[in-house]
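Q: Under our numbering, the first residue of the sequence shown carries the number 89, and numbering increases by one thereafter.
Where a beta carbon is used, it is the ideal one built from N, C-alpha and C, also for glycine.
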Amino acid sequence: MDVPLKICTDISTVDYGKLSVRFLNNITLQACVLPCFVCMAGMASHLSQTLAFRVCMLVLVSPAPVENTGELKVLSTRLTWRKKHTDRMIVMKIGEIREVKWMAVPRSIQFSFFLEDGRSYRFYGFTKDDQAYLTEHFKSYEIPTQEEECIVSGKNSTPLVLIRGNMLSFELKQHNIIYEIPLTHVTSIETIGANDVQVNFHIDNTIGAFNSTPEMDILEYVKLGIPDTSDQFGGIVDSTPAIAFKEWINSFDCVRLGSDGVPIATFERLIFVNPMGVYNMDFNLQFFGLRRNQIFVTILYRSIVSIHVLPKPDLQFVEVVICVDPPLEIGSQKYAYIVLQFNSDVKLKEGVELHMSDELYTSRFISKLQRSYTVEDDLLQYEVVVRMLEGLSNIKRSDTDGYGYGLNTTSESNRKGVLYPLEDAFYYLPNPPSRILYDDIKYIEIKCPEEGLFDLHAVLNTASKRGVVQSSNQNFNNLPRDELGRLADFLKSKGLEIRGYEDPSSSYGSFTESAGFRYFSKSMKEEMEKEFSGLASQAIRLKMINRWMELPDEMKDFYEIMGQGTRG
89 MDVPLKICTD ISTVDYGKLS VRFLNNITLQ ACVLPCFVCM AGMASHLSQT LAFRVCMLVL
149 VSPAPVENTG ELKVLSTRLT WRKKHTDRMI VMKIGEIREV KWMAVPRSIQ FSFFLEDGRS
209 YRFYGFTKDD QAYLTEHFKS YEIPTQEEEC IVSGKNSTPL VLIRGNMLSF ELKQHNIIYE
269 IPLTHVTSIE TIGANDVQVN FHIDNTIGAF NSTPEMDILE YVKLGIPDTS DQFGGIVDST
329 PAIAFKEWIN SFDCVRLGSD GVPIATFERL IFVNPMGVYN MDFNLQFFGL RRNQIFVTIL
389 YRSIVSIHVL PKPDLQFVEV VICVDPPLEI GSQKYAYIVL QFNSDVKLKE GVELHMSDEL
449 YTSRFISKLQ RSYTVEDDLL QYEVVVRMLE GLSNIKRSDT DGYGYGLNTT SESNRKGVLY
509 PLEDAFYYLP NPPSRILYDD IKYIEIKCPE EGLFDLHAVL NTASKRGVVQ SSNQNFNNLP
569 RDELGRLADF LKSKGLEIRG YEDPSSSYGS FTESAGFRYF SKSMKEEMEK EFSGLASQAI
629 RLKMINRWME LPDEMKDFYE IMGQGTRG
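1. Give every residue of the same chain whose Cβ lies closer than 6 Å to the Cβ of R380, excluding the five residues on either side of it in the sequence, and list them in chain order.
2. Output the distance between the C-alpha atoms of Y515 and I410, rounded to the nearest integer angstrom.
3. Rounded to whole angstroms, what's the CA-CA distance from T215 to Y229? Just pull it up for me.
4. Taking C-beta to C-beta, are E407 and V393 nearer than 9 Å?
5. Could you give the uninterrupted runs of the beta strand (DSSP E) lying entirely in the region 372–444, keeping only those of 3 residues or more?
6. Does the Cβ of R210 have 16 or more other Cβ atoms within 10 Å, making it buried, or fewer, making it exposed?
7. Roughly how many angstroms separate the alpha carbons of E268 and I185, rounded to a whole number?
8. Would you please state the rounded distance, in angstroms, between the beta carbons of W190 and I178? I believe it to be under 8 Å.
9. Alpha carbons only, please: which of V325, G573, R176, P399 is nearest the one belonging to Y389?
10. Can you tell me whether R523 is buried or exposed? The criterion is at least 16 other CB atoms within 10 Å of its CB, across all chains shown.
11. Since I believe T462 is in contact with G479 (beta carbons under 8 Å), could you give me their beta-carbon distance rounded to a whole number of angstroms?
12. V55: which of V287, L525, G322, R195 sits nearest, CA to CA?
13. Would P232 be called buried (16 or more neighbouring beta carbons within 10 Å of its own) or exposed?
14. Going by alpha carbons, who is nearest to V506 out of Q458, N566, V249, S200?
15. Could you pull out every unbroken beta strand (DSSP E) segment of at least 3 residues lying fully inside the region 512–579, listed in chain order?
16. Relative to the C-alpha of S164, which candidate in S581, V91, G653 has its C-alpha closest?
17. Pull up the CB-CB distance for S81 and L403, whole angstroms please, since I reckon it's below 8 Å.
18. Is I534 closer than 9 Å to F542 when the C-beta atoms are compared?
19. If you count every other CB in all the chains shown that lies within 10 Å of the CB of Q234, and 16 or more means buried, which is it?
20. Given this structure, state the Cα-to-Cα distance separating E224 from S611, to the nearest angstrom.
21. Helix, strand or coil for V473? Go by DSSP, reduced to three states.
22. Find the nearest neighbour of P194 within the set G213, F201, I182, judged by alpha-carbon distance.
23. State the Cα-Cα distance for the pair S455 and E648, rounded to the nearest angstrom.
24. Determine the extent of the beta strand (DSSP E) in which R686 is found, giving its start and end residues.
25. Skipping 5 residues on each side, what residues in its chain have a beta carbon closer than 8 Å to that of I628?
26. Using a threshold of 9 Å, state whether the C-beta atoms of I491 and F578 are closer than that.
27. Contact check, I352 vs H443 under 8 Å by CB: the rounded distance?
28. I need the straight-line Cα distance from K161 to K504, nearest angstrom please.
29. For F199 and V188, what's the separation of their Cα atoms in angstroms?
30. Are there 16 or more other CB atoms within 10 angstroms of the CB of S595, so buried, or fewer, so exposed?
31. Report the residue from P363, N293, V350 whose alpha carbon sits nearest the alpha carbon of D660.
32. In the DSSP output, which residue or residues are listed as bridge partners for D370?
33. Rounded to the nearest angstrom, how far is the Cβ of N549 from that of K530, given a contact under 8 Å?
34. So what does R587 bridge to, in DSSP terms?
35. So, under 8 Å CB-CB, M637 and G540 are touching, yes? Tell me the CB distance rounded to an integer number of Å.
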């Protein structure tokens, strides 16, 4: 196990487009990006050879909301940040970090991490001790680390406009930044007359759920003024500075493919369980969209917490669960989980070609996505959709690892569903889905009211915040009795207390090495593989263990004798 070298607590992410912005006259408007950027009052004049910001009034961007607070762990090979009370996680491999910058912000220190593939992450809440440790840590890996000065002089014009990775940077001089725009978040550029442009950012359908207080608002656009005397954009024949700037920005794939109208790929008529309906699914560079009749909603990839691929117990269907935080909002309904359902054996029927330049594909996606997916590749449809989600969001899928498969059950309201014991949580998939983190469970109580069935009651420490679990406990009834031994052992391995059940034979670590079990496994292998075709070999072995545990003692003795005889 990789032991953390250092743990930094109460560290918050800075999420572009989702910061609280306050004007000093108490009017909430859209403005700037950095958490300590100040822009002086009044309209900027067109200074010679400068590009000016068109933002009125004195502005101070306040820190990100408390919901974005978590814990950052420094490991030998990577950095991981995990949001409190959720499984939202950001992972940065040391070998993928291209550059690190830090700056002093109000009451703490902010670190910015720039990755080789163009991604960048910002966190604040670090102490001076954290800053000293991290600076030395990155130096030992020869990762460039430098202090970044926060400009508070009141200047809102700049002679230097640069592209750094996927950031459009406005600087007074090299590394003296007064403003940054993430190009991967830009959806369009509008020209206003000959000298002004408006840079628009994508607003997805999770923001209404996120923006629950009047103090919160979202960065929608930035207006820039470009003088005729600009060395970069002025003096072009049959053009204007505004048009020249727009064409320059639109020449970057990360802007062109981030727009609302140019999807990288589209999958038509996919079945969604939550929100329920048949939707077309568009993949853009910064978000994916769902289209159905007059409905069109989008979800930014940075809102994705996790992706789970969960086969149903009958193996006929596979459900793909996309956990999003903040939730998707359609009308008055909020969806923390987006669930697609696929036939488990349906292959890709039409080829998919990724609409992006070779340069962008080579620089960012060559190790994550195929250039095209063809019918001849003989791929399952759900696999291609999941690969697109993984490659564009940088979130790795989680399968039914751990327990191996789901269990049919009913909730206390008699809703039928499937309970999946995964590595860190229970997932329950009726409609709507829910999740219970093992860390939130105080203990598990087992009851066996009927022969062949049992009930599981999860008593929680506290109610979950995000609407995932609304009550202080969760009940799952009518689970198959022959799964109880395995499930109890699995939950104990997660450190959970089990009440109301104690089976001396449930610890199966030793008997799997016995001659009897080995002989039983060998004789039943072909039959079990045929019965559970489609299950992973690990899941079939767990089924085998379960069968052995249910055998009468005389049958176990028989297999033990046969096994000893074979060994002899």
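A: Put simply:
1. Around R380: G365, Y367.
2. Roughly 12 Å between the two C-alpha positions.
3. Going from the Cα of T215 to the Cα of Y229 covers about 22 Å.
4. No; because the gap between Cβ atoms is not below 9 Å, this pair is not in contact.
5. Entirely contained in the region 372–444, the beta strand (DSSP E) runs reaching 3 residues are, in chain order, 375–380, 383–388, 392–399, 405–418, 421–431.
6. Buried, by the Cβ-count rule.
7. Straight-line spacing of the CA atoms in E268 and I185 works out to 19 Å.
8. By a beta-carbon distance limit of 8 Å, W190 does not contact I178. Their separation comes to about 17 Å.
9. Here the closest residue by C-alpha is R176.
10. The residue is buried, with at least 16 neighbouring Cβ atoms inside 10 Å.
11. No, G479 and T462 are not in contact; Cβ-Cβ is about 17 Å, not under 8 Å.
12. Residue numbering for the chain in the displayed model covers 89 to 656; residue 55 lies beyond these limits and cannot be assessed.
13. Exposed: under 16 other Cβ atoms inside 10 Å.
14. The residue with the shortest Cα to Cα distance from V506 is N566.
15. Complete beta strand (DSSP E) runs here, min 3: 513–516, 522–525, 529–535, 541–548, 561–568.
16. The shortest C-alpha separation from S164 is found at V91.
17. The requested residue 81 does not occur in the structure, where the chain is confined to residues 89 to 656.
18. Against a cut-off of 9 Å, the Cβ pair of I534 and F542 comes out as a contact.
19. Exposed, since its Cβ has fewer than 16 Cβ neighbours within 10 Å.
20. If you draw a straight line from the Cα of E224 to the Cα of S611, it comes to about 59 Å.
21. In this structure, V473 counts as helix in the three-state DSSP scheme.
22. Looking at the Cα atoms, G213 is the closest of the given residues.
23. A direct Cα-to-Cα measurement between S455 and E648 gives close to 50 Å.
24. For the chain, the structure presents residues 89 to 656; residue 686 sits outside this window and is missing.
25. Sequence-distant Cβ neighbours of I628 in its own chain, meaning closer than 8 Å and more than five residues away, are M616, E617, F620.
26. The amino acid occupying residue 491 in the given sequence is Tyr; Ile does not appear at that position. Going by C-beta atoms, Y491 is nearer than 9 Å to F578.
27. Sure, about 5 Å apart at Cβ, within 8 Å.
28. Taking the straight line from one Cα to the other gives about 40 Å.
29. Cα to Cα, the separation comes out at about 7 Å.
30. Legend: pLDDT at S595 = 48, less than 50; position of this residue unreliable, value from coordinates given subsequently. Its Cβ having fewer than 16 others within 10 Å, S595 is exposed.
31. Because the chain is modelled from 89 through 656, residue 660 falls outside the range shown and cannot be assessed.
32. Beta bridge pairing from DSSP links D370 with T354, G377.
33. That pair is a contact at about 5 Å.
34. Its beta-bridge partners are E533.
35. Cβ-Cβ separation between M637 and G540: approximately 15 Å, too far for a contact (criterion under 8 Å).
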